[in-house]
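> Just so we're on the same page, our numbering is the position in the sequence shown counted from 1, plus 10.
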Amino acid sequence: MAASPDEIRHLLSRTGFGVPKPDERDAFTGLDHGIAVERLLDAVGPKAATTDPTFVVVPGAAVQRGLTRDERQVLQRQRAMDGNNMKAWWWSEMLETPSPLTEHMVLFWHNHFTSSLRKVKVPPLLFTQNTLFRTHATGNFATLLRAAAKDPAMLVYLDNNLNRAGAPNENFARELLELFTLGEGNGYTERDIQEAARAFTGWRFRPDGGFVNDPRSHDGGTKTFLGVTGALNGNDILDVVLQQPRVAEHITEKLWREFISDTPDAAEVRRLAAIFRDGRYEVRPLLEAMLNSDAFRARDAHGTMVKSPVDLVVGTFRLIGATPREPRLLTALGRNLGQDLFDPPNVKGWPGGEEWVDTANLPARHAFLFSATESLALLENAAQQGGNAARTRQQLRAQDAAGQVPPAQLPPAARLRLQQQLQQQGTAPETMAEGMTPPPAPLPGGPQAQLRAQINLRNLDVAEYRTLRAMDEDELAALVLPMAPVAPGDATTTLGRLFLDPTYQLK
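1) Considering only the alpha carbon of each residue, which of His-228, Val-323 and Asn-356 lies closest to Leu-189?
2) Return the CA-CA distance between Met-91 and Ser-102, expressed in angstroms with no decimal places.
3) Spatial neighbours of Ala-53 within its chain, please: C-beta separation below 6 Å, excluding the five flanking residues on both sides.
4) Let me know if Leu-77 comes out buried or exposed under the rule of 16 or more other beta-carbons within 10 Å of its beta-carbon.
5) Could you tell me which residues DSSP puts in a beta bridge with Trp-213?
6) Are the CB atoms of Leu-248 and Leu-172 within a distance shorter than 9 Å?
7) Of the choices Pro-15, Met-104 and Leu-85, whose alpha-carbon is the least far from that of Ala-59?
8) How is Gly-344 classed by DSSP in three states: helix, strand or coil?
9) When you compare the region 499 to 517 with the region 474 to 488, are there three or more beta-carbon pairs, one atom per stretch, that lie closer than 8 Å?
10) Per DSSP, which residues does Ala-12 bridge with? Please list them.
11) Would you report the Cα separation of Ala-147 and Asn-181, rounded to the nearest angstrom?
12) For Glu-278, I'd like the list of residues in its chain whose CB is within less than 6 Å of its CB, leaving aside the five on either flank, ordered along the chain.
13) Starting from Thr-141, trace the alpha helix (DSSP H) both ways and give me its first and last residue.
14) In the DSSP output, what is Glu-292 paired with across the bridge?
15) Is Gly-499 buried or exposed, if buried means 16 or more other CB atoms sit within 10 Å of its CB?
16) Under a three-way DSSP split, which group does Val-166 fall into?
17) To the nearest angstrom, how far is the alpha carbon of Met-493 from that of Asp-482?
18) Rounded to whole angstroms, what is the Cα-Cα separation between His-114 and Thr-25?
19) Return the chain-ordered list of same chain residues with a C-beta closer than 7 Å to the C-beta of Phe-223, the five sequence neighbours on each side being excluded.
20) What residue does the beta strand (DSSP E) around Thr-64 start on, and which one ends it?
21) Give me whichever residues DSSP pairs with Lys-129 in a beta bridge.
22) So what's Ala-59 in DSSP terms, helix, strand or just coil?
23) For Ala-4, which of Leu-252, Val-130, Ser-227 and Asn-245 has the nearest alpha-carbon?
24) If we define contact as Cβ-Cβ less than 9 Å, is Gly-26 a contact residue for chain C?
25) Residues in its own chain within less than 7 Å of Pro-354 by CB, not counting five upstream and five downstream?
26) Between Tyr-514 and Pro-15, what straight-line distance do the alpha-carbon atoms span, to the nearest angstrom?
27) Under the three-state reduction of DSSP, which class applies to Thr-369: helix, strand or coil?
28) How many angstroms separate the CA atom of Asn-371 from the CA atom of Ala-342?
29) Considering only the alpha carbon of each residue, which of Thr-262, Leu-508 and Leu-41 lies closest to Ala-382?
30) Could you say if the region 295 to 315 and the region 158 to 175 meet the contact criterion of at least three C-beta pairs nearer than 8 Å?
31) What do you reckon, are the CB atoms on Val-166 and Leu-135 nearer than 9 Å?
32) Taking 7 Å as the limit between beta carbons, can you name the residues of its chain near Val-250, skipping five residues before and five after?
33) Taking 6 Å as the limit between beta carbons, can you name the residues of its chain near Lys-160, skipping five residues before and five after?
34) Among Pro-255, Glu-205, Phe-215 and Leu-265, which has the Cα closest to the Cα of Asp-169?
35) Rounding to the nearest angstrom, what Cα-Cα distance links Phe-27 and His-376 in this structure?
36) Output needed for Gly-244: all residues of its chain with C-beta closer than 6 Å, excluding positions within five of it in sequence on either side, in chain order.
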């Protein structure tokens, strides 16, 4: 039996970026739900759709030691620029990818095997790790775990490059058990962490980024880890860990929270974990079973998860066909909303769930959606006054370049509602002038960056937007929202009203 349109929207929004594009929905319309899931998984691939970012060639350590102070500063600035470009590249890849599930899984693994550019400081290492996650996005978890343990960015981030015989560093061993495999407090002791740290001594990487096991730094003594005794090395530790039944349950729980709900069902987790374990840690069969489960397909599961900043920004841009002229502004938007790609807040990653709408993030989310709504209103006005689509786009871009686009006016009811919402969060301005838009939360770079970020929302593929304009309100709401609108915002466009509905922030 063919899946209903609502089921297709739910499937695509959860596996993609919070809201499907009309052509994505149409490609799955009429399919049986199981066939739709299979098609999504078939589309996952190891290669990015966009051109890889370029990086400055970094001299070796010996050469760097001979650099002058000014030369070191130039190198640091170049690395910072490379890092910003790499972040912008991933945002662009999310916008352009023909397989949103691929990038969704890359982001999932990035948040699981956390590394941060702030700590690693070498952008090419983070890019290599990102490529690793894409290569194994729905592949074998055991293979990915072994590769991640030897990944240069991981070795730096969790200090295993400093781990040597006689002076073991426990950071990687602790997070391997606590975060990556067993889960905090599940079946291991502090002694197990200490013994694992000894086993991982000597794991480091060469200047070219290749992994090396340095025997001079390795502790070759006898160790006892999770009941296994011997002259264990790092590979032995990973083998022993992967024999623990808890690993399958831990990864299943995390994927459940990613795709189904914030509260895993214990019985269902055990059932799905058995599939994962029996399949020798192949991720695709687990995902297939999970996305076909009653828990995922249940109608009351729709609209129960909060969109992440990536969902909110990428989903909105993809929906209206927006292509920023300067992708680095997406990085600023994401950072402003609480999700700075390649820089998770700590080793546990982004907590997600209702944390996305805490007092720090909610005003910025409102501001982003209001700026999107203003952009649609300006486009609609230009479309009505300027004739064809090409001329409309040209007019908007010319006005942008000349700085002639006036601020859109916010209807009084919407202005009052936003002011009330912000007052509840303790961040409302004392006064809001009649007819003026509320001040969006500031973006890094000051007012100019904020203005450019809003302008770029109007850099649209007008043909995509025209498809949305052709839909009636009920059809558009069924595409964009996970449930019936509860409080559509006051805006001059139907889509703008739906953007301002609270349910648009859910998936």
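Note that beta-carbon positions come from the ideal geometry of N, C-alpha and C, so glycine has one too.
The short version:
1) Sorting His-228, Val-323 and Asn-356 by C-alpha distance to the C-alpha of Leu-189 places Asn-356 at the top.
2) Met-91 and Ser-102: Cα-Cα distance of roughly 16 Å.
3) Ser-109
4) exposed
5) Asn-223
6) no
7) Met-104
8) In the structure shown, Gly-344 falls within a helical segment according to DSSP collapsed to helix, strand and coil.
9) Yes, since at least three Cβ pairs between the region 499 to 517 and the region 474 to 488 fall closer than 8 Å, the two stretches touch.
10) DSSP, once it has assigned bridges, lists Asp-42 as partnering Ala-12.
11) 25 Å
12) So the list reads Ala-305, once near-sequence residues are dropped.
13) 133 to 145
14) Asn-150
15) By the neighbour-count rule (16 or more Cβ atoms within 10 Å), Gly-499 is buried.
16) helix
17) 16 Å
18) Each residue's Cα considered, the two are about 7 Å apart.
19) Note on residue identity: the sequence assigns Asn, not Phe, to residue 223. These residues qualify, in order along the chain: Gly-212 and Trp-213.
20) Where Thr-64 is concerned, there is no enclosing beta strand (DSSP E), given that its DSSP letter is neither H nor E.
21) Paired residue(s): none; Lys-129 is not in a bridge.
22) coil
23) Past the edges of the chain, shown from 11 to 517, lies residue 4, and the structure says nothing about it.
24) You won't find chain C in this structure, because it holds only one protein chain.
25) Asn-121, Thr-124, Ser-126 and Trp-360
26) 17 Å
27) coil
28) 14 Å
29) Leu-508
30) Segments in contact, no.
31) yes
32) Phe-235, Leu-236 and Val-238
33) Phe-221
34) Phe-215
35) 18 Å
36) Ala-209, Phe-210 and Trp-213
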